[in-house]
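Line order of the protein sequences matches chains Z and E. Everything in the first sequence is counted per this note's numbering, starting at 21 for the first residue and increasing by one. Everything in the second sequence is counted per this note's numbering, starting at 6 for the first residue and increasing by one. Below: one structure, written as structure tokens.
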Amino acid sequence: MTTVGVEPGLFASLEPPRLAGSRCARCATVTFPAQRGCPKCAASDMVPVELADHGTLWTWTVQAFEPKAPYRAPATGFEPYAVGYVDLGDVIVEARLTGDPAGLEIGMPMSLTLLPVWDGVDGSTVVTYAFAAEVASPGGAR
Amino acid sequence: MSNATAVSIVGVGAHPFGRHAPELTGMSMGADAIGAALADAGLSWSDMDYAVGGSNVSGKPDTLVGQLGLTGIPFVNVRNGCATGGVALATAANAIRAGEAEVALVVGFDKHPRGAFAASPADYGHQDWYAETGLMITTQFFAMKGRRYLHEHGLKDQVLAQVAAKAFRNGALNPDAWRRTELSEEEIMAARVINPPLTQYMFCSPSEGAAAVVLARSDRAADLCERPVRLAAVTKRTRRFGSFEVFAPWLPPEAGVSPSVDAAQAAFERAGLIASDVQVAQLQDTDSAAEIYHMAETGLCGHGEQQQLLDLGETAPTGRLPINTDGGCLANGEPVGASGLRQVREVVLQLQGRAGARQVGGSPRVGFTHVYGAPGISACTVLTTTEV
Numbered sequence: 021m022t023t024v025g026v027e028p029g030l031f032a033s034l035e036p037p038r039l040a041g042s043r044c045a046r047c048a049t050v051t052f053p054a055q056r057g058c059p060k061c062a063a064s065d066m067v068p069v070e071l072a073d074h075g076t077l078w079t080w081t082v083q084a085f086e087p088k089a090p091y092r093a094p095a096t097g098f099e100p101y102a103v104g105y106v107d108l109g110d111v112i113v114e115a116r117l118t119g120d121p122a123g124l125e126i127g128m129p130m131s132l133t134l135l136p137v138w139d140g141v142d143g144s145t146v147v148t149y150a151f152a153a154e155v156a157s158p159g160g161a162r
Numbered sequence: 006m007s008n009a010t011a012v013s014i015v016g017v018g019a020h021p022f023g024r025h026a027p028e029l030t031g032m033s034m035g036a037d038a039i040g041a042a043l044a045d046a047g048l049s050w051s052d053m054d055y056a057v058g059g060s061n062v063s064g065k066p067d068t069l070v071g072q073l074g075l076t077g078i079p080f081v082n083v084r085n086g087c088a089t090g091g092v093a094l095a096t097a098a099n100a101i102r103a104g105e106a107e108v109a110l111v112v113g114f115d116k117h118p119r120g121a122f123a124a125s126p127a128d129y130g131h132q133d134w135y136a137e138t139g140l141m142i143t144t145q146f147f148a149m150k151g152r153r154y155l156h157e158h159g160l161k162d163q164v165l166a167q168v169a170a171k172a173f174r175n176g177a178l179n180p181d182a183w184r185r186t187e188l189s190e191e192e193i194m195a196a197r198v199i200n201p202p203l204t205q206y207m208f209c210s211p212s213e214g215a216a217a218v219v220l221a222r223s224d225r226a227a228d229l230c231e232r233p234v235r236l237a238a239v240t241k242r243t244r245r246f247g248s249f250e251v252f253a254p255w256l257p258p259e260a261g262v263s264p265s266v267d268a269a270q271a272a273f274e275r276a277g278l279i280a281s282d283v284q285v286a287q288l289q290d291t292d293s294a295a296e297i298y299h300m301a302e303t304g305l306c307g308h309g310e311q312q313q314l315l316d317l318g319e320t321a322p323t324g325r326l327p328i329n330t331d332g333g334c335l336a337n338g339e340p341v342g343a344s345g346l347r348q349v350r351e352v353v354l355q356l357q358g359r360a361g362a363r364q365v366g367g368s369p370r371v372g373f374t375h376v377y378g379a380p381g382i383s384a385c386t387v388l389t390t391t392e393v
């Protein structure tokens, strides 16, 4: 079964998951998703950049009620889910957050992952990007 | 702007906000509000030189001329999200300043279905994935901006309940309010969680209603109104780089100021006043957290000072800085096109001493209004009595 990104332009790669942004050649502003012009200095010389896959949680909430369309609930039905902004150093990215929201705290380390959202018409699994709280392994290594 | 033509408010009116019969259209409520504002000013539609109307979802305001009278005047439609009322007011005021009109009417109305607003990604320049995957929801933004603000400034979640409890206390005193039942802070904190840290009663709901204002060139205002209120400033701004805004898939790490900061600063500068002159204010309180951070963004207090102000009751009608005296969006709901004009009407009533059970003490002479909306816009007014 194949895995496809919900919007191909969001991803520099799916294995391993990496996000595709753009960096302004003049002022170094990083955007996500990639865009053609720089919103800070208005230059139009944006170069592709792969974003960091680790960061820290900047803020978060839980979507406790089912959003109206165009939100697409999973085939198994709506379940509350967490969302947040993750600070990757040169850009802060909004994302779905996987795992139990109970332990979420501003400043905690997060890492990039993929989240299946629905099935494609060809039977593929459509994924979006998400962040998960990093859990220290028993050995202490990440 | 000492050389600019001064503009005053000579009449205000509203159709009460809330839930009304399905067959009552937004436009019909708009016509009611216009009738009330004209009656308040002692004028008729045929006296109007110019009109501006705002509605987000309930039709083109200029079609109202079919009911009001085909007098041939210019009628501008405004659709600027939650800032619609402020932008409509500014448009009409500028027409008077430009010499196009001496007396102008401003109306805002909307009739929203129940439940949170759903936005089309394409309307905001985003791709479908952004909404389809469960982002791009206004209530998420309010919760996340609120959480970040409380974290950065050392405020406790309790302030969110304090703001909501105040809104419903004020609503209970306002015969035009939608939600007129007081709720305790405990009830508000224990209510259904919508987007933590915000519960059901910390959010305003989309609702229905209309508000209208009659403006006049100030040299004519004294003849038209016993106690005209001067529109000392009306300003509007869009977001600049680095501000944390609704519908933002990313932010730069360098923080920027919100458009509320820019619009408020510009309003005080133009009015020749400072924020500490304000004696009654209406702030965009789409949710409890919004009132908290808008207090500081508009300059009415410093960041982090909100806790003390709330603990001392300073933002209640009996306090030093009464905020959202009519119950705000929390107790009135938000018909988007009308909301900013509801604020202006409330400040006018307060400055004229006509606010009934919720009248603030001390005969206020300087009032302030602030709206904020997607995708990062704000409009503010400074309103004064003629003695200022």
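We put the CB at the ideal spot given by N, CA and C, even for glycine.
Secondary structure of E/C385 (DSSP, three-state): strand. Neighbours of Z/D110 in chain E, taken as residues at a C-beta separation under 9 Å, are given in chain order as P257 and P258.
Counted as a single uninterrupted DSSP element, the alpha helix (DSSP H) harbouring E/T144 occupies residues T143 to H158.
Of all residues in the region 229-263 of chain E, only F246, A253, P254, W255, L256, P257 and P258 place a beta-carbon less than 7 Å from a beta-carbon of chain Z. Rounded to whole angstroms, E/D224 and E/L69 show a C-alpha spacing of 29 Å. Out of E/A100, E/V349, E/T243 and E/A276, the CA that lies nearest to the CA of E/G381 is found in E/T243. Leaving aside the five residues that flank E/P126 on each side, the residues in its chain whose CB is nearer than 7 Å to its CB run, in chain order, Q132, D133, Y135, A136 and M141. Residues of the region 85-107 of chain Z with a C-beta less than 8 Å from any C-beta of chain E: F85, P87, K88, A89, P90, Y91, R92, Y101, V103, G104, Y105 and D107, listed in chain order.
In the structure shown, the three-state DSSP call for Z/L134 is strand. Proximity of the region 115-134 of chain Z to the region 171-179 of chain E falls short of the contact definition, fewer than three beta-carbon pairs being nearer than 8 Å.
Taking 4 residues as the minimum length, the alpha helix (DSSP H) runs contained wholly in the region 41-108 of chain E are 70-73 and 89-102, in order along the chain. Of all residues in the region 135-167 of chain E, the ones placed with a Cβ closer than 7 Å to any Cβ belonging to chain Z are A136, E137, T138, G139, L140, I142, Q145, A148, M149, R152, R153 and H156, in chain order.
The beta carbon of E/A41 is closer than 6 Å to those of G18 in its chain, skipping five residues each way along the sequence.
E/S263 counts as buried, since no fewer than 16 other beta carbons sit within 10 angstroms of its beta carbon. For Z/A93, the CB contacts under 8 Å within the same chain, skipping 5 residues up- and downstream, are E86 in chain order. E/G345 is not a Cβ neighbour of E/W183, given a cutoff of 7 Å. Counting only Cβ-Cβ distances below 7 Å, E/Q132 has contacts in chain Z at E27, in chain order. Counting only runs that start and end inside the region 231-312 of chain E, the beta strand (DSSP E) elements of at least 3 residues fall at 234-243 and 285-287. Z/S33 is bridged by DSSP to Z/R38. DSSP places E/I14 outside any alpha helix (DSSP H); the residue lies instead in the beta strand (DSSP E), whose first and last residues are V12 to G23. Annotation: E/R153 to Z/W78 spans about 7 Å, alpha carbon to alpha carbon. With 16 or more other Cβ atoms inside 10 Å of its own Cβ, Z/V69 counts as buried. Neighbours of E/G120 in chain Z, taken as residues whose beta carbon is under 9 Å from its own, are F85 and K88 in chain order. Secondary-structure assignment with DSSP links Z/M66 through a beta bridge to Z/C44. Within the same chain, Cβ atoms closer than 6 Å to the Cβ of E/A237 are found at A276, V387 and T389, the five residues on either side in sequence being excluded. Distances from the CA of E/A103 to each of E/A11, E/G120, E/P66 and E/V62 were compared; the closest alpha carbon is that of E/A11. Against chain E, the beta carbon of Z/V113 has neighbours under 9 Å at P254, W255 and L256, listed in chain order.
Taking C-beta atoms as the reference points, Z/G75 and Z/D107 count as a pair closer than 7 Å.
At a C-beta separation below 7 Å, E/V198 has these neighbours in chain Z: A84. Listed by position along chain Z, the residues whose Cβ is nearer than 8 Å to that of E/P126 are P90.
Beta-bridge annotation (DSSP): E/R222 is paired with E/V12.
If you compare the alpha carbons of E/T291, E/L75, E/F373 and E/T138 with that of E/T204, the shortest gap goes to E/T291. Within the region 308-340 of chain E, the runs of alpha helix (DSSP H) at least 4 residues long that lie entirely inside it are, in chain order, 311-316 and 333-337. Excluding residues up to 5 positions away in sequence, V83, N85, K241 and A384 lie with their Cβ nearer than 6 Å to the Cβ of E/V92 in the same chain.
Residue pairing by DSSP puts E/N200 in a beta bridge opposite E/L203.
In the three-state DSSP reduction, E/E187 falls in the coil class, being neither helix nor strand.
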